[in-house]
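The structure appears right after this line, and notes come after that.
In the numbering used here, the protein residues as written are 1137 to 1360.
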């Protein structure tokens, strides 16, 4: 009797268990149908990240070092070929368009720039020559002029090299003759605007290379 009862009890539970399993399957299917696919992707990503963390985390990818240039080497960024020719320090230079205040001198870079883009652009616009920076001076834009005639705020014509002066007023003691000046050259991406912004513009501006050049004290040279 006991053996027969056990068999009968198992037979009675089998349909119930099968029905319960069927209900659970339908519930899981219904729930999964209502969960957005991007949620499922996020859940899967979370599981992968959790598993990765359990085994030591993601391996860090080394960031490549920026190029280190010297005077006379050309860097191409933002469709501009830029060649730093000279760095000089002096008390005054009228054609730069900058006047040094008391306790200041002028730091002047001479840079040959060729616009290799198919559109002319102003040297002072975003993503143009005015993005060049000097270590120790801070995030200060230079005053830009043509070397040949002193025209300030010049335009860069496509395919036409232009020698420019980039000038900053700096504390007198910041640079002396033969000090190294470290320059940050930049790169940028040309984009086409839509909706609010129309036309083309340069964005994603970032440092693309560094250049080190000794500074010449032109007043000292003239006095000697």
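A virtual CB, placed ideally from N, CA and C, is assigned to each residue, including glycine.
| Which one or two residues does DSSP pair with residue 1353 in a beta bridge? | Taking the first residue of the chain shown as 1, we reach residue 1353 at position 217. Under DSSP, residue 1353 takes part in a beta bridge, and its partners are 1225.
| Bridge partners - residue 1254, DSSP secondary structure assignment | Translated into the one-based positions of the chain shown, residue 1254 becomes position 118. Its beta-bridge partners do not exist; DSSP assigns none.
| CB-CB length for residue 1343 against residue 1320, believed under 8 Å | Position 207 of the chain shown holds residue 1343. Position 184 of the chain shown holds residue 1320. About 5 Å; that satisfies the 8 Å criterion.
| task | Go ahead and pull the three-state DSSP assignment for residue 1265. | result | Counting from one through the chain shown, the residue named residue 1265 turns up at place 129. Helix, per DSSP.
| task | Note down the Cα distance separating residue 1336 from residue 1289, rounded to an integer number of angstroms. | result | Walking along the chain shown from the start, residue 1336 turns up at place 200. Walking along the chain shown from the start, residue 1289 turns up at place 153. Taking the straight line from one Cα to the other gives about 20 Å.
| Length of the line joining the Cα atoms of residue 1346 and residue 1220 | As a first step, residue 1346 is located in the chain shown; it is residue number 210 there, counting from the start. As a first step, residue 1220 is located in the chain shown; it is residue number 84 there, counting from the start. Cα to Cα, the separation comes out at about 11 Å.
| Per DSSP, what kind of secondary structure is residue 1270 in: helix, strand or coil? | Indexing the chain shown from 1 puts residue 1270 at position 134. Correct three-state label for residue 1270: strand.
| Using 8 Å as the threshold, is the region 1202-1214 in touch with the region 1279-1294, meaning 3 or more CB pairs across them? | no
| task | Find out if the Cβ-Cβ distance for the pair residue 1226, residue 1354 is shorter than 7 Å. | result | Taking the first residue of the chain shown as position 1, residue 1226 is located at position 90. Taking the first residue of the chain shown as position 1, residue 1354 is located at position 218. In this structure, residue 1354 lies closer than 7 Å to residue 1226 by Cβ.
| query | Does the distance from the CB of residue 1233 to the CB of residue 1308 come in under 7 Å? | reply | Locating residue 1233 in the chain shown gives position 97, counting from the first residue. Locating residue 1308 in the chain shown gives position 172, counting from the first residue. Contact flag unset, no.
| query | Which stretch, first to last residue, makes up the beta strand (DSSP E) that contains residue 1278? | reply | As a position in the chain shown, residue 1278 is number 142, starting the count at 1. Where residue 1278 is concerned, there is no enclosing beta strand (DSSP E), given that its DSSP letter is neither H nor E.
| said: Among the candidates 1239, 1207, 1352, whose CA atom is the shortest distance from the CA of residue 1315? | reply: As a position in the chain shown, residue 1315 is number 179, starting the count at 1. Answer by Cα proximity: 1352.
| message | Between residue 1322 and residue 1268, how many whole angstroms is the CB-CB distance? I'm expecting something under 8 Å. | response | Residue numbering aside, residue 1322 sits at position 186 when the chain shown is read from its first letter. Residue numbering aside, residue 1268 sits at position 132 when the chain shown is read from its first letter. Between residue 1268 and residue 1322 the Cβ distance is about 7 Å, and since that is below 8 Å, they are a contact.
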